[in-house]
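Take a look at the structure set out below.
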Amino acid sequence: MNLRRTTTTRRALAAVAITTGLVFTAVGCGGDDKKGDDAATSSAATEKDGGDKPKASQSTSSEPLAEVKNKGVTLTITSATRDQGGFVTLNGTVTNGTSGIWLGTDWKSDESELQSNGGSLAGASLVDQAGKKKYLVLRDTQGRCLCTKFQGGVDPGKSTDWFAQFPAPPQGTTSVQLQVPTMPPAQLDITEGD
C-alpha cells in the first residue's frame, strides 16, 4: 500500500512539473502584438518600395575587394563587414575553372574540432599584420564553422557564393589579409556595418 501511494504522488508531482514548464514556455513565447503589427507593416512597405536600398557600408559597385587564383580555382571576396557584435563577416564567390568537380577539401581545417566540416572555409583565417594577430573562423557549440560548407562540390565552370565569420580585429584595424589553405593571401579592407 505504501509503495502505491509513493508512485501516485510521484506521478502527480511529475504532471505538475511538466504542466508548469509548459505554461512558462508558452508565456515566454508571447510578445507585444503591437510590435508584430509594426514589423509586418514595415515589411510590407519595404516590398512596395521594391526592396531594401543599399546602406552606406554596403558596396554598390560590382568590383570585388580581392581575388586570388590557384590551380583553376578563383576565390573572390566581395565584402568584409565589421558588425557591432564584434564580428567580421566575409562574403564572396568561388569559381571552379577546372575540368572536374571541386570539393574544397583542401580548404578544411587541421583542427580536430572542425574535421567534421569537410570541404568548407573552416581552414580560413584573417591576419592583422599590424597587430600581429591571426583570427580563426568562428564555430558554434557543436564544432561547426560559421562558414560555407561546399556540400556536393562546385561543378566545372560554375560559381557558388560563400561566407565566413571571424572575430573582429580592434577598431583601428581596417586592413587584413585573408588566408585560405592552398590559395595566395588576399589583402582586403574592412568596412563598418550597422
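Reading the sequence shown from the start, the letters are residues -25 to -1, 1 to 169 in mature numbering (1 follows the signal peptide of the UniProt record, and there is no 0). Just so it is clear, CB atoms sit at the ideal spot from N, CA and C, and this is done for glycine as well. Since this is a predicted model, take the numbers as computed values, not measurements.
Residue i, buried or exposed, once every other Cβ within 10 Å from all chains shown has been counted against 16
i, result
"ILE76", "exposed"
"ARG57", "buried"
"ALA99", "buried"
"THR64", "buried"
"residue 188", "Outside the shown range of the chain, which is -25 to 169, sits residue 188, and nothing can be said about it."
Simplified DSSP state of residue i, which is helix, strand or coil
i, result
"GLY25", "Confidence at GLY25 is low in this model, with a pLDDT of 41, below 50, so the placement of that residue is unreliable and no value is reported for it."
"THR80", "helix"
"THR(-17)", "helix"
"residue 171", "With the chain running from -25 to 169 in the structure shown, residue 171 is simply not present."
"ALA20", "Confidence is the limiting factor: at ALA20 the pLDDT is only 40, short of 50, which leaves the residue's position unreliable, though a coordinate-based value still follows. If DSSP states are grouped into helix, strand and coil, ALA20 belongs with the helices."
"THR166", "strand"
Cβ-based neighbour list, residue i, same chain, cut-off 8 Å, excluding 5 preceding and 5 following
i, result
"GLU42", "THR49, LEU50, THR51, ILE52, ALA161"
Beta-carbon proximity of residue i to residue j, cut-off 7 Å
i, j, result
"THR157", "TRP137", "no"
"LEU121", "GLN146", "no"
"residue 170", "GLY47", "Residue 170 lies beyond the range of the chain shown here (-25 to 169); nothing can be said about it."
Same chain only: Cβ atoms within 7 Å of residue i, ignoring 5 sequence neighbours per side
i, result
"ASP130", "ASN71, ILE76"
"ALA105", "THR148"
"LYS133", "ASN71"
"PRO159", "VAL43, ASN45"
"VAL151", "LEU101, VAL102, ASP103, PRO144, LEU163, ILE165"
Could you give the uninterrupted runs of the beta strand (DSSP E) lying entirely in the region 105 to 154, keeping only those of 3 residues or more? 108 to 111, 134 to 142, 150 to 154
With a floor of 3 residues, list each beta strand (DSSP E) that falls wholly inside the region 33 to 79, ordered by position along the chain. 41 to 45, 48 to 57, 62 to 71
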